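First up is the structure itself, then whatever we jot down about it.
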Amino acid sequence: MKYIYCFLILFASIESARAVPVVPSFSMGRMTTHTETTQETTELIRSIDYSTGWSYSVSGHGVEPTSGEISTPSSTASFQLDSETKSGWSQLDIAKKPGWKITTPGANFQFVESYSGPGVSNITEIDRTTVTKSVTDTTSIFQR
Numbered sequence: 290m291k292y293i294y295c296f297l298i299l300f301a302s303i304e305s306a307r308a309v310p311v312v313p314s315f316s317m318g319r320m321t322t323h324t325e326t327t328q329e330t331t332e333l334i335r336s337i338d339y340s341t342g343w344s345y346s347v348s349g350h351g352v353e354p355t356s357g358e359i360s361t362p363s364s365t366a367s368f369q370l371d372s373e374t375k376s377g378w379s380q381l382d383i384a385k386k387p388g389w390k391i392t393t394p395g396a397n398f399q400f401v402e403s404y405s406g407p408g409v410s411n412i413t414e415i416d417r418t419t420v421t422k423s424v425t426d427t428t429s430i431f432q433r
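Under the numbering used here, think of the first position of the sequence shown as 290, with each following residue one higher.
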């Protein structure tokens, strides 16, 4: 019983808890952030244009083939540009192309012989680095 009286006296002497309002000590505020981001992109673009065919043409007047034959035999060939690029084609056998002669020596004549063979016609390499920089500034203003 003695313990109960002590407990009641102790309990009666404790004051109840009271909430105290929290009031901010500022009237206005400002927050600023600054963010910078840099991105670097490197590109290597390789474009190779090549022809796998050939063209042989002859035109004119006052000329004729020496053998009577105007067809041209072809042969095969290939090339290796790099470890990943290989190409093959047929081409005119220049050693066996037809020969031509003037029909009337001393007379007017015209002769045009044209050959366009296979192979690389254009190589384009673009090696570029693009740097993109983004800057963001944010300001927040607040007051009570």
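No residue lacks a Cβ here, since even glycine has one placed at the ideal position from N, Cα and C. In this text the structure is predicted, and so the values were computed from the model without any measurement.
Enumerate, from N- to C-terminal direction, the unbroken alpha helix (DSSP H) stretches of 4 or more residues contained entirely within the region 337-373.
Correct list: empty.
Start and end residues, beta strand (DSSP E) containing G401:
The sequence position of residue 401 within the sequence shown is 112, counting from 1. What sits at residue 401 in the sequence shown is Val, not Gly. V401 -> beta strand (DSSP E) spans Q399 to S405.
Should P362 be labelled buried (16 or more other beta-carbon atoms within 10 Å of its own) or exposed?
Indexing the sequence shown from 1 puts residue 362 at position 73. Looking at its Cβ environment, which holds fewer than 16 other Cβ atoms inside 10 Å, P362 is exposed.
Opening and closing residue of the beta strand (DSSP E) in which D426 lies:
Numbered from 1 along the sequence shown, position 137 holds the residue referred to as residue 426. That run of the beta strand (DSSP E) goes G408 to Q432.
DSSP three-state call for K375: helix, strand or coil?
Taking the sequence shown and counting its residues from 1, the one referred to as residue 375 is at position 86. The answer is strand: DSSP assigns K375 an E or B state.
Suppose you measure from the CA of I415 to the CA of S376; what does that come to, to the nearest Å?
For the purposes of this step, residue 415 is identified with residue 126 of the sequence shown, where counting begins at 1. For the purposes of this step, residue 376 is identified with residue 87 of the sequence shown, where counting begins at 1. Their backbone Cα atoms lie some 22 Å apart in a straight line.
Hey, could you find the ends of the beta strand (DSSP E) I391 is sitting in?
Mapped onto the sequence shown, residue 391 falls at position 102. Per DSSP, I391 belongs to the beta strand (DSSP E) from W389 to I391.
Does the beta-carbon of P407 have 16 or more other beta-carbons within 10 angstroms, so that it is buried, or is it exposed?
On the sequence shown, position 118 is the one that residue 407 refers to. When all chains shown are included, P407 counts as buried.
Output the distance between the C-alpha atoms of V401 and I391, rounded to the nearest integer angstrom.
For the purposes of this step, residue 401 is identified with residue 112 of the sequence shown, where counting begins at 1. For the purposes of this step, residue 391 is identified with residue 102 of the sequence shown, where counting begins at 1. Cα to Cα, V401 sits roughly 13 Å from I391.
Just to confirm my understanding: we take Q380, look at its own chain, exclude 5 residues before and 5 after, and list those with CB closer than 8 Å. What are they?
As a working mapping, residue 380 is identified with position 91 in the sequence shown. Excluding sequence neighbours, Q380 sits near W343, S363, S364, T365, A366, G406 and P407.
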